[in-house]
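Let me begin by presenting the structure, written as structure tokens, before commenting on it.
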Amino acid sequence: MKSSTELLDDFHEQRECLYKGERYSVRDNGAVYRHKPCGKKNPRQLDEVWTFGRKCNSNGYMMISSHRVHIIVATAFFGERDSTKYVVDHKDTNRCNNRVENLRWFTKLENALMNPITRSRIENLCGGDINRFIENPSCLNDLTGANQDILWMRTVSSAEAQNTYNRVMKWLSEPKQFGNKKGIGLGEWIYTQQSAIPMQNNDDKGCVVVGYNDISESLTVNARQKNWRTPTMFPLCPNDTNVSLSKYRDKLSIGALLAKNQYSSSYVDEFELYGDKLFIRSHADSGIKPFSLIKITFENGYFIHEGRTFIKEEGAKKTFALSTGKEWLGPDCIDDYC
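Mapped onto the working numbering, the consecutive letters of the sequence shown carry residue numbers 16 to 353.
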């Protein structure tokens, strides 16, 4: 395991930028170096020190003084943007991973539509259909006054809403794992066990973030999640000692609650045990891609859940049929191209 100093020094490119009156040197591994102000005799506490920043407990971002490190990194490598129109997005949702390849500038509308909670609020204000907003953003109507923070989107043009929606759908269809497996440093956490990199809180040495393996714990004892970041409960997962995929199948029924997390709940539409895999087609109660196919395997004493989501139900039906050895006779759909 590398030390903090070794991680800070593991980079390929270094640039400089000005951010809110401060001059920074910035590395592509997410480390920053704040320069001493001109005319000042002595450096401040955080000046002239390479650091990943300190994690803010209230918002989860890495900070250097009152400045967010991810915005400094994005400014240095992608250029400055108007903060009233743009925000910096973390592709893997880990707010402490400020490597250049993990960041991108988003318009505020793109950022809003990528957030499942915000999407759900937009749908509710537009009669339960996100497409009504895409076609006519002015349909946002909040009679209770409880959603003033998103009503600015009423002024977005229909063309901008449609273009943004198309980009969001493309991003949602992209693989969630990325990075260079040969690279060492903060990006290393993507490919290691959760306990491989410790959390540190030394201002001078920076903060190294605990990362996630592609198989992670769920909110159910015998269940694990693969390439599935949101902690989820699987109420139908067998929890006794003598377990098998056939026992899991026997607990399933059409319409039963299959999975539940902070964003949505999913319900069983169709299921089949095919070889050593259990396939479940389901639908969620919210989201731009509400239909899903979940593949479950039994490995090392755990039920491993891996899912794929779809915009249209036909996409989930087609993938379910092909996954269980059947011929698909239905039409093509948008999910074939996403």
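Beta carbons: idealized from backbone N, C-alpha and C, even for Gly. It should be emphasised that the depicted structure is a prediction, and the values quoted were computed from it without experimental measurement.
Practice item. For R38, collect the residues of the same chain with a Cβ closer than 6 angstroms to its Cβ; drop the 5 residues on either side in sequence, then sort them by chain order. Key: Numbered from 1 along the sequence shown, position 23 holds the residue referred to as residue 38. Same-chain partners within the cutoff: H50.
Review point. With distances taken between CB atoms, is the gap from R296 to L288 smaller than 7 angstroms?
Key: For this step, residue 296 is matched to residue 281 along the sequence shown. For this step, residue 288 is matched to residue 273 along the sequence shown. Cβ distance not < 7 angstroms, so R296 and L288 don't count as in contact.
Exercise for review: Compute the Euclidean distance between the alpha carbons of Y355 and T179, then round it to the nearest angstrom.
Suggested key: This structure does not reach residue 355, given that the chain is present from 16 up to 353, and the question cannot be answered.
Exercise for review: Could you tell me how far apart the beta carbons of V267 and F313 are, in whole angstroms, since I believe they sit closer than 8 angstroms?
Suggested key: As a working mapping, residue 267 is identified with position 252 in the sequence shown. As a working mapping, residue 313 is identified with position 298 in the sequence shown. Correcting the residue identity first, residue 267 is Leu in this sequence and not Val. In fact, because the Cβ distance is near 15 angstroms, the residues do not count as touching under 8 angstroms.
Point to revise | A271 to S73 span [Cα, whole Å] | key: Here residue 271 corresponds to residue number 256 of the sequence shown, with the count starting at 1. Here residue 73 corresponds to residue number 58 of the sequence shown, with the count starting at 1. Cα-Cα distance, rounded: 37 angstroms.
Check your understanding: How is the alpha helix (DSSP H) around I295 delimited, first residue to last?
Key -> As a working note, residue 295 is residue 280 in the sequence shown. Per DSSP, I295 belongs to no alpha helix (DSSP H); it is in the beta strand (DSSP E), K292 to A299.
Exercise for review: Return the residue from the list I87, E321 and K275 that minimises the CA-CA distance to K292.
Suggested key: Taking the first residue of the sequence shown as position 1, residue 292 is located at position 277. Checking every option, the nearest Cα to that of K292 belongs to E321.
Practice item. Measure the C-alpha to C-alpha separation of G345 and I269 and round it to an integer number of angstroms. Key: Working through the sequence shown from its first residue, we reach residue 345 at position 330. Working through the sequence shown from its first residue, we reach residue 269 at position 254. Between G345 and I269, the C-alpha separation is close to 22 angstroms.
Check your understanding: With a Cβ-Cβ cutoff of 7 angstroms, do T90 and C32 count as a contact?
Key -> Within the sequence shown, the letter at position 75 stands for residue 90. Within the sequence shown, the letter at position 17 stands for residue 32. Cβ distance < 7 angstroms, so T90 and C32 count as in contact.
Practice item. Mind checking which residues open and close the beta strand (DSSP E) that includes R119? Key: Along the sequence shown, one-based indexing puts residue 119 at 104. Segment L118 to T122, the beta strand (DSSP E) holding R119.
Exercise for review: Determine the burial state of E125: buried for a count of at least 16 other Cβ atoms within 10 Å of its Cβ, exposed for fewer.
Suggested key: If you number the sequence shown from 1, residue 125 lands on position 110. Its Cβ being crowded by 16 or more others within 10 Å, E125 is buried.
Review point. In its own chain, which residues sit with a C-beta less than 6 angstroms from the C-beta of R323, not counting the 5 before and 5 after it?
Key: As a first step, residue 323 is located in the sequence shown; it is residue number 308 there, counting from the start. Result list for R323: L308, in chain order.
Exercise for review: Just mark N254 as buried or exposed, buried being the case when its beta carbon has 16 or more other beta carbons within 10 Å.
Suggested key: Counted from its first residue, the sequence shown places residue 254 at position 239. N254 comes out exposed.
**Study point:** Spatial distance of M248 from Q29 (CA atoms)
**Key:** Working through the sequence shown from its first residue, we reach residue 248 at position 233. Working through the sequence shown from its first residue, we reach residue 29 at position 14. Distance between the alpha carbons of M248 and Q29: 43 angstroms.
Review point. For F115, which residues of its own chain have a beta-carbon under 6 angstroms away from its beta-carbon, when the five flanking residues on both sides are left out?
Key: Indexing the sequence shown from 1 puts residue 115 at position 100. The question names Phe, yet the displayed sequence has Val at residue 115. For V115, where only same-chain residues beyond five positions count, the Cβ hits under 6 angstroms are D43 and F92.
**Study point:** For F306, three-class secondary structure by DSSP
**Key:** Translated into the one-based positions of the sequence shown, residue 306 becomes position 291. F306: strand per DSSP, three-state reduction.
Exercise for review: Throw me the rounded Cβ distance for the F306 and G290 pair, which I believe falls under 8 angstroms.
Suggested key: Locating residue 306 in the sequence shown gives position 291, where the first residue counts as 1. Locating residue 290 in the sequence shown gives position 275, where the first residue counts as 1. About 23 angstroms; that fails the 8 angstroms criterion.
**Study point:** Alpha carbon of W343 to alpha carbon of K332, nearest angstrom
**Key:** For the purposes of this step, residue 343 is identified with residue 328 of the sequence shown, where counting begins at 1. For the purposes of this step, residue 332 is identified with residue 317 of the sequence shown, where counting begins at 1. Straight-line Cα distance between these residues: approximately 9 angstroms.
**Study point:** Where the beta strand (DSSP E) containing H320 begins and where it ends
**Key:** Residue mapping note: residue 320 aligns to position 305 of the sequence shown, counting from 1. Here the beta strand (DSSP E) through H320 covers Y317 to F325.
**Study point:** Nearest residue (CA-CA) to Y76, options V103, R239, K56 and L337
**Key:** Taking the first residue of the sequence shown as position 1, residue 76 is located at position 61. Ranking the options by Cα distance to Y76, first place goes to V103.
Check your understanding: Should N113 and V88 be called a contact, given that it needs their Cβ atoms to be closer than 7 angstroms?
Key -> Locating residue 113 in the sequence shown gives position 98, where the first residue counts as 1. Locating residue 88 in the sequence shown gives position 73, where the first residue counts as 1. Yes, the Cβ-Cβ distance between N113 and V88 is below 7 angstroms.
Exercise for review: Please state whether DSSP places Q277 in a helix, a strand or coil.
Suggested key: Along the sequence shown, read from residue 1 onward, the residue named residue 277 stands at position 262. If DSSP states are grouped into helix, strand and coil, Q277 belongs with coil.
Check your understanding: Which of helix, strand or coil does DSSP assign to D62?
Key -> Counting from one through the sequence shown, the residue named residue 62 turns up at place 47. D62: strand per DSSP, three-state reduction.
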